[in-house]
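Asker:
Residue numbers (this note's numbering): 2 to 406.
1. Taking contact to mean 3 or more Cβ pairs, one atom from each stretch, closer than 8 angstroms, check whether the segment 258 to 265 and the segment 298 to 318 are in contact.
2. Threshold first: 3 residues or longer. Then list the beta strand (DSSP E) segments lying entirely within the segment 192 to 244, N to C.
3. Please list the terminal residues of the continuous alpha helix (DSSP H) segment that includes residue 190.
4. In whole angstroms, what separates the C-alpha of residue 342 from that of residue 306?
5. Can you have a look at residue 327 and say buried or exposed, based on whether 16 or more other CB atoms are within 10 angstroms of its CB?
6. Which of helix, strand or coil does DSSP assign to residue 266?
7. Are the beta-carbon atoms belonging to residue 335 and residue 292 less than 7 angstroms from one another?
8. Can you list, in chain order, the residues of its chain whose CB lies under 7 angstroms from that of residue 178, leaving out five sequence neighbours each side?
9. What's the gap between the Cα of residue 77 and the Cα of residue 93?
10. With DSSP as the reference, label residue 284 as helix, strand or coil.
11. Label residue 395 either buried or exposed according to how many other C-beta atoms from any shown protein chain fall within 10 Å of its C-beta, with 16 as the threshold for buried.
12. Does the distance from the CB of residue 161 to the CB of residue 195 come in under 7 angstroms?
13. Does the beta-carbon of residue 181 have 16 or more other beta-carbons within 10 angstroms, so that it is buried, or is it exposed?
14. Report the option in 200, 282 and 223 whose CA atom is closest to the CA atom of residue 212.
15. How many angstroms separate the CA atom of residue 284 from the CA atom of residue 377?
16. Find out if the Cβ-Cβ distance for the pair residue 236, residue 275 is shorter than 7 angstroms.
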């Protein structure tokens with residue numbers, strides 16, 4: 002619109018000046034040093050216009066040529082990077098499709114051209130780990146370490162993945178490297194639950210059980226950590242501490258350690274059964290019975306009774322009496338029958354075990370769902386075998402094979 006107004010204004014200006022210029026064309030005199038240039042107004046306007054038009058077209062040609070040259074240079078110079086990015090994206094797709102061999106090759110090839118060295122080497126290491134190629138995994142982790150060293154500050158996520166890949170290799174050399182890496186970045190443990198989880202896993206692998214126990218209090222405060230995972234850590238860590246204490250010191254030191262624990266910790270089933278397991282292994286019956294009996298008097302959970310049958314008890318008479326009291330009131334309770342049978346087997350009371358498991362298995366006759374599992378049948382078969390009833394034991398083993406099938 003503005004251009005149109007300017008053109009109209011120039012048009013009317015020319016119309017206004019034309020009569021004047023036709024009557025008197027006028028002269029322009031230009032003197033430079035000893036040279037004198039004389040032009041009419043018409044000639045001056047002509048050359049000025051021609052010069053402006055020539056300058057305009059020259060500018061356009063030069064600008065267009067420069068743009069073409071820049072685009073051509075950009076195309077040539079960044080072709081390698083575009084190929085690298087394309088290979089990187091193909092690698093991601095291959096990784097998602099679980100084609101780990103192809104993914105490893107693509108990530109390795111694209112790292113430098115795509116300027117994505119850290120993520121590409123990390124993903125290449127992960128792809129190699131999926132193929133269980135430890136040498137390749139370590140090679141990419143070494144390249145990643147070189148790239149990380151160039152950065153001012155390490156990326157926590159990258160560290161976590163590297164530690165996971167090292168732990169997955171399940172050999173001492175990898176564990177040592179993981180320990181060095183975690184220790185170098187120890188400051189992040191209190192701020193990142195994922196790194197804390199790896200620290201606890203590594204402590205358990207290294208049998209540094211007390212260190213693992215020390216981390217558990219903080220781990221319980223982390224909402225991102227699964228409760229079942231924490232219970233599994235507690236079972237391993239406290240069992241290790243209890244077992245080390247009695248082996249390296251004595252029973253008194255073990256009981257003193259137990260008594261020093263906070264009440265809420267002693268009430269956790271994972272910790273309680275870890276302690277009871279060590280007591281049972283060392284045939285320390287009285288403290289074990291003192292702990293378990295009050296719980297059996299109540300109505301313990303199915304999980305509690307499942308854990309109870311895993312204890313290597315040799316003197317379970319007091320506990321057997323508690324279970325029998327429950328069965329007097331409900332002699333068809335599958336959980337108590339199973340518990341009685343296992344306690345009897347551990348105490349080598351084979352006849353009692355046979356009767357308990359026989360009643361348990363016969364519950365199936367009147368009800369549709371099974372009330373026993375593979376462990377029940379294995380203990381049942383053992384009770385028969387110990388009494389010399391091999392035919393009956395074989396029949397039970399056939400039931401076990403059907404469960405496996």
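In this text, a Cβ means the ideal position worked out from N, Cα and C, and glycines have one as well. For clarity, every value in this text was computed on a predicted model and none was experimentally measured.
Answerer: Per the coordinate set shown:
1. no
2. none
3. It is not in any alpha helix (DSSP H) - residue 190 carries neither H nor E in the DSSP assignment.
4. 12 angstroms
5. buried
6. helix
7. no
8. 167
9. Caution is warranted here: a pLDDT of 47 is assigned to residue 77, below 50, making its placement in the model unreliable, and the coordinate value is therefore given only provisionally. In a straight line, the C-alpha of residue 77 is about 26 angstroms away from that of residue 93.
10. coil
11. exposed
12. yes
13. exposed
14. 200
15. 23 angstroms
16. yes
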